[in-house]
Structure formats: structure tokens, C-alpha cells
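Asks: The sequence shown begins at -2 in this note's numbering and counts up by one. Mind looking over this structure? Questions follow.
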Amino acid sequence: MLILAFVVELKKIYCMFNNENGVSTSRFVSLSAQNVQWSHQQVLALLSQIFLLLISMLIITSVIINLGERSLQEDWAEQRYSELQTVGTLTADKISFLQFRTQTLSRGDLLSQYSKAPTPALQQKLINNWQKLSDTIPELLGVTLYDTQGRLKFSSNTNFDNIQLPPTLLNKSSSMGRNDVYSSPMAFIPTNGLLGPYIYQLVRLESKAYGLTGFLVVFNSVSSVLDSIKPAFFNHNSPLLLLDSQGFLYAGANQAMPLDTMPDTLGANIKQSNPELWRHIAMNNYGQFHTLDTTFVHLKVQLATEQDFPQDYVLLSYIRHEDIAARFEQWKIILIISALIISLLASLLIIFRHRFVLEKKAKLNSMRLANGLFNSDLICIIANDSGRVISANPKAADIIGLPLDELRDRSLQRILHLDENRFGQIKATLEQEGQWSGEFSLDTINGCTLKAHIRREYKNKYEGCYWLVTLEDVSQLLQSQQQGYLYQLLCDSAVATVLTDASGNLLKFNSEFDNLMELHGEHQHSLIELLGDEMQAQWPHISAQISLQGQWSGQVISCSNCRFSACLKTTLKGLLTVEGDIEYIICTLEMASPMLDKQAKTRNVLGHHSSIVLKVNELETHFNSLSESAREASSLMVMDINPEGIISHLSDIALLEKRQKEIELHLLNALPNQYQVAQWQLGKLVIWLPKTSSTQAHQYARMTLTSLEENELAEGINIGISGYLVPQTLESYLQNADIALKRAKQSNDQRICQAFTRQHNSA
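Written out as C-alpha cells, the structure reads:
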């Protein structure tokens, strides 16, 4: 809250110091742009000092608040320790009183009569008397009579029927006398459906005539004893807990808002919930223990007489620091408000001190700004309100072509070669709008074109105005624009041209391509889609050829979903990166003859049977469309390109695919007219050879192997050749060629084998 309030005030003061109307508040500055400016270094210095001040005030305030809260914690601990001493003393007195009452009960007349002559009537009368006492006295739970062997005779409360007396008290050698009262350790017993702590006092019943006649045991409630002392000690803010020497809770359970680390049920052990606190309690008879959010006070008390076994108990109380902070809340608010006011006043003092230093150095800053302006790469001129040059930097002298000394006191109209009308328009615009921008040429000097920006500024409120003239040489920009316009005229030729990315998405195209594809200027198209389905199917092979050879040429025939109707001669030229990847593709489309006969010179024809690598099903469609005589005059060649051991792992499949693509491209480059390459499966290629005898097929196979060896691609290649048997499907045709391929693999020196060709040869 302190920092936010200061930041708001700082922003107001910062806006007050930095005028946005362009008028200087100092009489030393020469231009409004050289007004008192807060640099980054000065702002950082100011903010650092203010932040140090805020942090110091925050630390001091926090220390004062913490000291105040700690003082309250100490006061509460001392007060609570006194209360624990009072509770311990009163509890010990109460235990002594209970012992006295036990002795009184042991000397009662009814008990004496029963001891001399035990009868059922006296027993019932004695029980009724004890029950009346239990109803009258809150802490009295019951009275029980035991014989000399420690066996129960009768009791006023059946809850204590199973209580066993300590064997050391039953021993005849016990030092306990008739007037001694034994106080037991605390234990738990259910009373009225609730578990509660109790202690009992035991006295020996003796007579002069009979000696030891039994034991009288009086049971008392510990909770009732503590409640009768002072109920104000047990409140939800500072609860009082009673623990035994082992850390078990005997009183103080069911707190309104218990701590997570404190036991809240009777019988729970503080050793488990808060072992660190218990170690401190075990090592000290009294003291304080502080945690981050709680202060504890403890005191050990003994609730036993000298003849009893010593029993140490612990009175424990605690208070949350947030409860103490709530008591200190009013003083905390006063401290925070005081710290806020002091911080704000000190911050204002720091800000005004920085402002005074900046005002003192305003003239020096003005000179440095002007010097930095004229020594920069910008072309800068300062002129008076009449257009006379006051000062200029060397860059302006170089571009205008005059010495720097000769520029001073010259008119801008003359050095920039402006006529009267235009110069008058500039002055009028400056008077009305305060600034002017435009271009003019200095062809008479050095042939450059300048872009000027003139701003009219005030020196101060009482003196004249100045012109700040900034010039920029835009000759190269205009030349680039002219060059771009010429390139645009060059592209708008009679040939449809388009520029795409590596995926075929349109980037730029000329008007001829726009008219051909009827795009109406829309670029959200792909060249692959525009050229038809066949182009989409063959695009991976085409892009691979572009990557290897730099370009691809072919013919594209129109289809049902194409935007064009004529056969197009297509040339795709790739622009490759240093790594060999396609970055851009330049495509040109020209009208070509759609005839696809034997004399067709274009090797790649998309949309018809082509020498682009096909799938087997596409080859089968073409094969089925041929006449029986055309099939009979053909041969079929199957090429296995998989060297042994190349696929030793699944990751080698990519290597085989790359090798197959390289071989496909090599075959396509030297593929005779009308021959067709198709993919059968990974590692196997099919070459259909129309109008080819077995001898010609064998010769072509040998030439192919030789060519592959020259390009280091023939490793592991085997070829099987089959002739056509009438009648025959493409599937059986492939099976026959595959049989020949297997024979070629079985032979060590022969890599080419023929099968089912004798009938064809005889024919």
C-alpha cells in the first residue's frame, strides 16, 4: 500500500516536470526539444534512492511492529506464567483438601459400624450415603471399599468395579500408616458417556482390635477440580492444558480453535504432534517457547504428598501471534500512516533535489544535445523563422555541396532551390500546423532526391521561433521503387508466371497467370491443386527431381476439376538453400500441343500415361486399356534394389526409401520414350517395355546396370525379365518376372535373368 501510493504521486510529479506541449520551462535552453529531460540513468538513480528510502522505512516500521508484538508476547507470557503458578498452587491445595476429605470419610460413623459388624443393611445405608455425597460434590465420582487382600467389597459407582489396587500398597511391609493418604496417578474413565480424567485417594482402615480391616478409595474428577479453581483460566484465546510426565493430555481438550500441532482429544500425546515443544518442556521445569505463529508457556507441578510416588504434571498454555497482533492493530495502523507520510515527504524532497540539479545543468545539457544532433548521421539544419540558416552539421554541407561556413546565414530557399510559391506554402504550413514534410530534387547539384521534415519550435515564450530541418537522402529508395516497377512490367508478359514456396503455395503471380487460372487476385491457393489431381499424386517425385536437378519440365493436360482447358507446357525451377532444400519455386505455363503420340518430344506428361513413377494399380489400368497385340509385343522387367543386409533395423527403411528415390530419378532421366516405371513395393521397381523383344529388353537391362554402376548405384541390384504369354493379366505377368528375378539372385555372377521368353522369341 505504501509503494502504490508513492508511485501514483511520483507519476503526477513526473508528468508535471516533463511538459508535453513542447514549450521549455528553462530560460537557458535554446529549443523546446532540449527541455529538462529525465534520462534513464537519472530516473534509475531517483527510483533507486526512493526505493531505498521505502525499503528502509518498511524495514524500520516492520521492526517496530515486530518489537511491539514481541513485547506484548513477553507481557502475556509473564502474566500467563503467574496464572499457571496460581493454578498449580490452587490445584495442589485442592488435592490436599481431597486428601483431608478422604480421611474424614474413612473416620465416618457408618463406616466404623460396618467395620465392626458388617450387615447388608449397613452396607446399603453406607452406599446411599456415598451416592448423596457424589450428587452434592461435583468432583466426587464415587467411593469404593476393598478388603485387606485388595478385593472389591462394594462401591457407590459401578464404573470403578474393575479398578485394581497397587500391589505395593497391599504388602504388609508397606510404610503407609493409618493417617497417610495415597494419591494415585491420573487415569481415564468414562463418565456419563464421556471419557474423563480422574485420580483416587486411598487410606488404610485399621482398628485396635482387629488391625487392618480394609482400604477405602475415593475417586475424584480432575476436570471438575480444575474447573472449580478459576474458569477464567480456560478460554479459547489462551487455553490451559494439563499433561502428564509422558506428554498425554488429561485436561484442556475440545478447544474452540485448536492448533494443528496441539493435541485436542484426551489421551493424545504431544510428543507425536509437537516433538520440538515437548523436548523443550522435558528439559525445563518452566519457561517459554516461541514458534513463528505461537507463544507457549509451561510449568511443571507435583500433585502428590511426600509418602506418595512423585507425579510430575505440566500446565501448558499458548496464544496465537495473530491474537496478539489484533491487540496491536490500532498502533500498527498509526505506525503505517506515520511511515507513509514520512516516506512521501522524503520522496518529494529527493525529487525536488534532482529537479534542482537538472535545472542547474540545463544550459550544459542544451549544448550537448545540439552538439550530438549535429554530429549524428542525420542531415540537420537550424534556421530562424525567416528561413535563414543559423547552423548546420557537416552532413548537410556534404549533401548540399557547399562548405559549412558558407551555409550559415543563407536562405533555405536558395540552397534547396525552391521557387517562391513553394517556399511560401512551406512557411504558411509551418505557421498553421507547426511542421511540414515533403520531397524535392537537387538535380542541379548532385542529382539526389531529398525528403525533408521541418518543425517549427519556440526558444521560449518571449523570443522568436526556430526551424528544425531534417533531410534524408531517398535517392536509392526511389531507384529501388523504379527498379521494382520495371521488374513488375517485365513479369507482366504473355507467359503465365507464378512464384510459390516449397509446398506449392502461391506467393506472387502475374496477370497472365491470374487470367489463366481465374483467381481474381486471390493468393490463398496451391499450385499443386490448380494443376490437377495428377500433379498432386506426382508432386513428391517432382519436388525430389527439383532438389537434385534444379528444375522439372513436362506437360499438364486439363482434367474435369481443372481451371484451364488447354494442354500446358510446365517448367518448374527451384531456388535452393545452401543445404540443398527448396526455398522457392518459379513456375511458367505455356500453351502446348495436347497430342501424346510417338512423336511427342516432351517426356513428362501429367494427366496421361507418363514416365513419372506410377503405382502398380495405375500401371495395371494402363495395361488393361491396351490391345492384345500391344501386350504381346511387350516385355516386363522387375528390378530389386535392396542390397543384402541394408535393412538390419527398422530405422534403415528410410535409407532404403532414399536409395530407391535416387534410382527412380536416374531411370527417369535415361528412360526411353513410352517406357514406364512403376513402384511395386519397397525395394522393387517395375519397368514396362512396350514393343520390346526379350533381346532388346536384356540389352536395355545391361545398359541400365552399366549406367547405375557409373553413378555408384548398382550395388545389390538384380533384374528379372519376362515375356508376355497370351492371354495373361498384369499380376501373372509380374509373377513370371519375379521368378526370373529370384533366379538372378541365386546366381553369383549373373545379375540379369529371363523367364517365359522362348514362346515370345519363337513368335
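Idealized CB from N, CA, C, for every residue including glycine. Small disclaimer: the values here were computed from a predicted structure and weren't measured.
Taking all protein chains shown into account, decide if GLU661 is buried (16 or more other Cβ within 10 angstroms of its Cβ) or exposed.
Replies: Classification of GLU661: buried, given that the 10 Å Cβ count is 16 or more.
Asks: Can you tell me where the alpha helix (DSSP H) holding ASP489 begins and where it ends?
Replies: First-last for ASP489: undefined, no H or E at that position.
Asks: I'd like to know whether the C-beta atoms of ALA343 and LEU50 end up nearer to each other than 8 Å.
Replies: Yes, the Cβ-Cβ distance between ALA343 and LEU50 is below 8 Å.
Asks: Which class does GLN110 belong to by DSSP, given the choice of helix, strand or coil?
Replies: Three-state result, GLN110: helix.
Asks: For the region 241 to 310, which segments carrying the beta strand (DSSP E) assignment without a break, of at least 3 residues, lie completely within its bounds, in sequence order?
Replies: Within the region 241 to 310, the complete beta strand (DSSP E) runs of at least 3 residues are 246 to 248, 283 to 287 and 291 to 299.
Asks: In whole angstroms, give me the CA-to-CA distance for MET634 and GLY571.
Replies: MET634 and GLY571: Cα-Cα distance of roughly 33 Å.
Asks: Please determine, among LEU240, GLN128 and VAL386, the residue with the shortest C-alpha to C-alpha distance to PHE185.
Replies: Among LEU240, GLN128 and VAL386, the Cα nearest to that of PHE185 belongs to LEU240.
Asks: If you measure between the beta carbons of PHE212 and LEU162, is that distance less than 8 Å?
Replies: Yes; because the gap between Cβ atoms is below 8 Å, this pair is in contact.
Asks: Please name the residue in CYS445, TYR455 and TYR482 whose C-alpha comes closest to that of GLY431.
Replies: Answer by Cα proximity: TYR455.
Asks: Taking TRP73 as the reference, which of PHE151, GLY284 and ILE316 has the closest Cα?
Replies: Considering only alpha carbons, the answer is ILE316.
Asks: Quick check: what's the CA-CA separation for ASN745 versus LYS681?
Replies: The alpha-carbon atoms of ASN745 and LYS681 are separated by roughly 20 Å.
Asks: Just to confirm the assignment, what range does the alpha helix (DSSP H) spanning PHE762 have?
Replies: Within the shown structure, residues of the chain are numbered from -2 to 760, placing residue 762 beyond reach of any answer.
Asks: Please confirm whether LEU475 and LEU503 have their CB atoms less than 8 Å apart.
Replies: Contact: no.
Asks: For ARG628 and PHE620, what's the separation of their Cα atoms in angstroms?
Replies: If you take the alpha carbons of ARG628 and PHE620, they lie about 8 Å apart.
Asks: My assumption, with CB atoms under 8 Å, is that ILE609 sits in contact with THR497. Please give the rounded CB distance.
Replies: About 19 Å separates the two Cβ atoms, so there is no contact after all.
Asks: Return the residue from the list THR291, ASN282, MET280 and MET54 that minimises the CA-CA distance to MET259.
Replies: The option with the nearest alpha carbon to MET259 is THR291.
Asks: Are at least three pairs of beta-carbons, each pair with one atom in the region 150 to 167 and one in the region 235 to 251, less than 8 Å apart?
Replies: Touching, no, given that fewer than three Cβ pairs across the two stretches are closer than 8 Å.
Asks: Please report the distance separating the alpha-carbon of SER607 from that of TRP685.
Replies: For SER607, the predicted model reports a pLDDT of 46, less than 50, meaning its position is unreliable; a value from the coordinates is still stated below. Their Cα atoms are separated by approximately 12 Å.
Asks: Exposed or buried, which one is ASN168 when buried takes at least 16 other CB atoms within 10 Å?
Replies: The residue is exposed, with fewer than 16 neighbouring Cβ atoms inside 10 Å.
Asks: Only counting the same chain, and skipping five residues up and downstream in sequence, which positions put a Cβ closer than 6 Å to that of ARG452?
Replies: If we look at ARG452 and ignore the five residues flanking it on each side, its Cβ neighbours are GLN432 and LEU465.
Asks: Please list the terminal residues of the continuous beta strand (DSSP E) segment that includes GLY398.
Replies: Element bounds for GLY398: n/a, residue is neither H nor E.
Asks: Within the continuous alpha helix (DSSP H) that includes HIS695, where are the two ends?
Replies: 691 to 707 is the extent of the alpha helix (DSSP H) around HIS695.
Asks: Is the Cβ-Cβ distance between LEU439 and HIS414 less than 8 Å?
Replies: Yes, they are a contact pair.
Asks: Under 7 Å Cβ to Cβ from THR574, same chain only, skipping five residues before and after it: list those, please.
Replies: GLU580.
Asks: Measure from the alpha carbon of TRP275 to the alpha carbon of each residue in TYR310, THR262 and LEU300, then state which is nearest.
Replies: When only C-alpha atoms are compared, the closest one is TYR310.
Asks: Going by CA-CA distance only, name the one from LEU738, GLN743 and GLN747 that's closest to PHE753.
Replies: Taking only the C-alpha atoms, the option nearest PHE753 is LEU738.
Asks: Measure the alpha-carbon distance for THR262 versus ASN217 and round it to whole angstroms.
Replies: C-alpha separation (whole angstroms): 20 Å.
Asks: Where does ILE134 fall in DSSP's three states?
Replies: In the structure shown, ILE134 sits in coil (DSSP, three-state: anything other than H, G, I, E or B).
Asks: Can you have a look at ARG350 and say buried or exposed, based on whether 16 or more other CB atoms are within 10 angstroms of its CB?
Replies: So ARG350 counts as exposed.
Asks: Around the Cβ of PHE561, are there at least 16 other Cβ atoms within 10 angstroms (buried) or fewer (exposed)?
Replies: Buried is the call here.
Asks: Looking at the secondary structure, which residues open and close the alpha helix (DSSP H) in which TRP328 lies?
Replies: TRP328 -> alpha helix (DSSP H) spans 326 to 357.
Asks: Assign VAL60 to one of three DSSP states: helix, strand, or coil.
Replies: In this structure, VAL60 counts as helix in the three-state DSSP scheme.
Asks: What residue range does the alpha helix (DSSP H) around THR726 cover?
Replies: Run containing THR726: none; DSSP gives neither H nor E here.
Asks: Go to VAL610, then tell me how far its beta strand (DSSP E) extends in each direction, as first and last residue.
Replies: Note, VAL610: premise wrong, no beta strand (DSSP E); not H, not E.
Asks: Along the chain, where does the alpha helix (DSSP H) containing GLY571 start, and where does it finish?
Replies: Per DSSP, GLY571 belongs to no alpha helix (DSSP H); it is in the beta strand (DSSP E), 565 to 573.
Asks: Among THR467, LEU332, ILE716 and GLY481, whose alpha-carbon lies nearest the alpha-carbon of LEU409?
Replies: With distances taken between Cα atoms, LEU409 lies closest to THR467.
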